Structure formats: C-alpha cells, structure tokens
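Here the sequence shown stands for residues 459 to 771, where the numbers follow our numbering. The beta carbon of each residue, even a glycine, is placed where N, CA and C say it ideally should be. Note that the structure is predicted; figures quoted are calculated from it, not measured.
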Amino acid sequence: RNYILALAKHARELGVTIRLNTEVVELRRSVGRGFELNCRQSGEAVEFMSEAVVIATGGFTANVPARMKIDGRLSADIHTSANPYVLLWDGADGDGIRLAQALGGAVTEGFGLQLLPIGGGRVLDYAGADLYVNDEGRRFVNEAAPRRELASAILALPDKRFWVITDQQSRKNATLGPKLLNGIVKKSPDIRSMAREMGIRPDVLERTIADYNRAADAKFDPEFGKSVFTQRISEPPFYWGRERIYVHTTLDGIRTDHQARVLDRSGRPIDGLFAAGETVGGVFGKDRLGGMGLTNCIVMGRMAGGCGRWRKV
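Written as structure tokens, this is what we have:
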C-alpha cells in the first residue's frame, strides 16, 4: 500500500492522468506508428492513442477456467489471496495477456501458478513458530516446506481446510488485530479449551502439540522432516484459526526480454509494446520466494517505464 501511495503521489507531481473505471476493450496498431486503445470508461466508449504501451495488468489468478487448465483442483471455491473473503472485485483475469497475444505477442507457459495459505488463521510472516493440524488434530505437513509442497498437502485434505496454532511468544503480523476482531482468529487460555472449540478431541491435540514441542527442542521433526524451529508452542494464550489455500500468483504470461519489451512468436521485440509485473511469464520458474513479486514489479516496471523515450501522441 505504501509503495502504491508513493508512486501515485509522484505520478501526480509529474502530471500523469490516472483514469479510473476504464477498461481496455481492444488494443491495436494505428495506421501510422503507435497504438489505438478502444476503452470503456464508466460505461461510455472512449479511444486513446499512444506511441508506446506498457501492459501491467497482473496475472490470471481470478480466471477460473484458465487456472483449471493448469490444475483441475482450482475450482471457483478456491479464492485468491488478493480477495480471500470474496468481498471485493478481483480483476486478475489475464486480459492484458490476451491484449498482447492479439498483437502477435508470445506467451511463456509451463511454469504454472503458486498457491499459498494466507487469508485465515495464519498470523505469522515466518516459519518455525506455528503448527498446522487437520480436523482430527494431527499434523499433516512440514509447516516450513516450500510453497508447492504445502499446497499439495493442503489440497489433499478432504475439505482443503486446516487449523493453524501459535502461542503468546510468537511475533504476530499486523493482521492479528483485525482477525481477532472479526473472529477469523481466536484466543484460548489452554490447549483443551482450544481443542473443544475446534471440535477436536483434547487428548489428541495435547499429544500432537507435545510431540511438536519435543521436535522443536531437538530441532528436528522425525515425522515430516521439519528442521526450522524458532520456539515451542507452549506459552498461553494460544492463537488459532481456520486456514485454507489461496491462488496467490500466476507464473505463466507474456514473453518479454530483459528490457521489458514484448516479444513476438519469433523472439523479436514488438515495437513500442512493453510489459511488466505478474502479467509477464517465466520470471521465477515454477515457484517464487516470498517478497520477490513486488521486487519484480518495481524493477521491471521501472525498466518498462523507459518507454518514456517514446513520445505520446
């Protein structure tokens, strides 16, 4: 949010016009050099012309048919991390990718997408201080596993949901307050009362947490191979909540070069057409480290911004 506010402020200082409620319906070459953009602005048809275009429309996490071609388990009941509670409009449907393809742009495919448990009971930004249990109160995965491995384990659960538990001593992120207020995360004075609220047998959950704490003391988990521990889960109150998997980012998209120029199917740059951010494919391979998405947007967005050398008509 702070990055966006800073960039928006700078854009206003430069005299940039930001057009809200405006959808690009068609992007095509003009008769001369440049592009024509047919748009719909607040329901009205409008047209713009420019000698250069930067496509920065995000990926296609909200496009259910497109993502199900990659993984048939990602039906409409799997929400996106940008809209976990389905309270907002999520426009990440891959429309920018289609605009580039209509102009002959190539697409990099085969890298898939990334899933992440993030919108529910999780309140930590690091591994080693929480544990995940299924509806029987038993662990089912190494909580510090790579995201792809985590996603596979979660999707294999009967209803693709699980419980996340941490305690008083862990360092919670800024979502804790709002999640407590909205009942997404709850707080319990002891393990048995927590288990009863979850609908789990207290003795099973007590045994699970005791086993986890022995693994934390030894810095090794014989059951799932976890070796990243920062603490035991033992200091009340305990914080817990229901969690699920979300479609977090797509890794396929428009093919570009290192200058953010969109490439055609022969690998040649398309004159005046640029792309940056999640709409570009193949940047990270088949997985992505946390925090790198924003880095990609800023670095390649700045590179694409070099198209300012093209004079706007």
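Other residues of its chain near residue i: CB distance less than 7 Å, five sequence neighbours each side excluded
i	result
Val-741	Asn-754
Lys-618	Ile-612, Arg-702 and Ile-703
Met-750	Phe-742
Gly-595	Ala-653, Ile-658, Arg-659, Val-662, Leu-663 and Thr-666
Arg-477	Gln-499
Phe-506	Leu-495 and Cys-497
Residue of the options minimising C-alpha distance to residue i
i	options	result
Arg-557	Phe-732, Arg-746, Gly-530 and Tyr-543	The displayed chain sequence assigns Leu, not Arg, to residue 557. Of the candidates Phe-732, Arg-746, Gly-530 and Tyr-543, the one whose C-alpha sits nearest the C-alpha of Leu-557 is Phe-732.
Asp-679	Asn-600, Pro-542 and Glu-471	Asn-600
Leu-615	Ile-623, Arg-597 and Thr-624	Arg-597
Leu-709	Glu-567, Val-643 and Ala-673	Glu-567
Leu-573	Ile-462, Trp-698, Thr-538 and Ala-564	Thr-538
Val-504	Asn-479, Pro-727 and Val-522	Asn-479
Spatial neighbours of residue i in its chain, beta-carbon cut-off 6 Å, leaving aside the 5 residues before and after
i	result
Ala-464	none
Inter-residue spacing [alpha-carbon to alpha-carbon] between residue i and residue j
i	j	result
Ser-651	Gly-578	20 Å
Arg-498	Val-482	7 Å
His-706	Gly-501	30 Å
Ser-533	Arg-525	8 Å
Leu-634	Val-581	6 Å
Glu-693	Pro-647	9 Å
Arg-769	Ala-609	Only weak support exists for where Arg-769 lies, its pLDDT of 44 falling under 50; the value from the coordinates is given anyway. Each residue's alpha carbon lies about 46 Å from the other.
Leu-485	Gly-492	10 Å
Val-771	Ile-528	Residue placement at Val-771 is poorly supported in this model, since its pLDDT is 40, which falls under 50; the coordinates still yield a value, given next. Computed Cα separation, rounded: 40 Å.
Ala-550	Ile-513	13 Å
Phe-696	Thr-688	16 Å
Ala-421	Gly-759	As displayed, the chain neither begins before 459 nor continues past 771, which places residue 421 out of reach and without an answer.
Asp-583	Thr-624	12 Å
Extent of the continuous alpha helix (DSSP H) to which residue i belongs
i	result
Asp-553	553 to 560
His-468	460 to 471
Leu-571	Premise fails: Leu-571 lies in the beta strand (DSSP E), 571 to 574, not in any alpha helix (DSSP H).
Cys-755	750 to 762
Residue range of the beta strand (DSSP E) that includes residue i
i	result
Ala-524	Run containing Ala-524: none in the beta strand (DSSP E); it sits in the alpha helix (DSSP H), 522 to 528.
Ala-733	727 to 733
Val-511	511 to 513
Val-591	589 to 591
Asn-541	Asn-541 -> no beta strand (DSSP E), and no H or E assigned at all.
Thr-708	704 to 708
Arg-486	480 to 487
Worksheet item: In chain order, which continuous runs of the alpha helix (DSSP H) of length 4 or greater are located wholly inside the segment 610 to 674?
Response: You should have 634 to 639 and 649 to 656.
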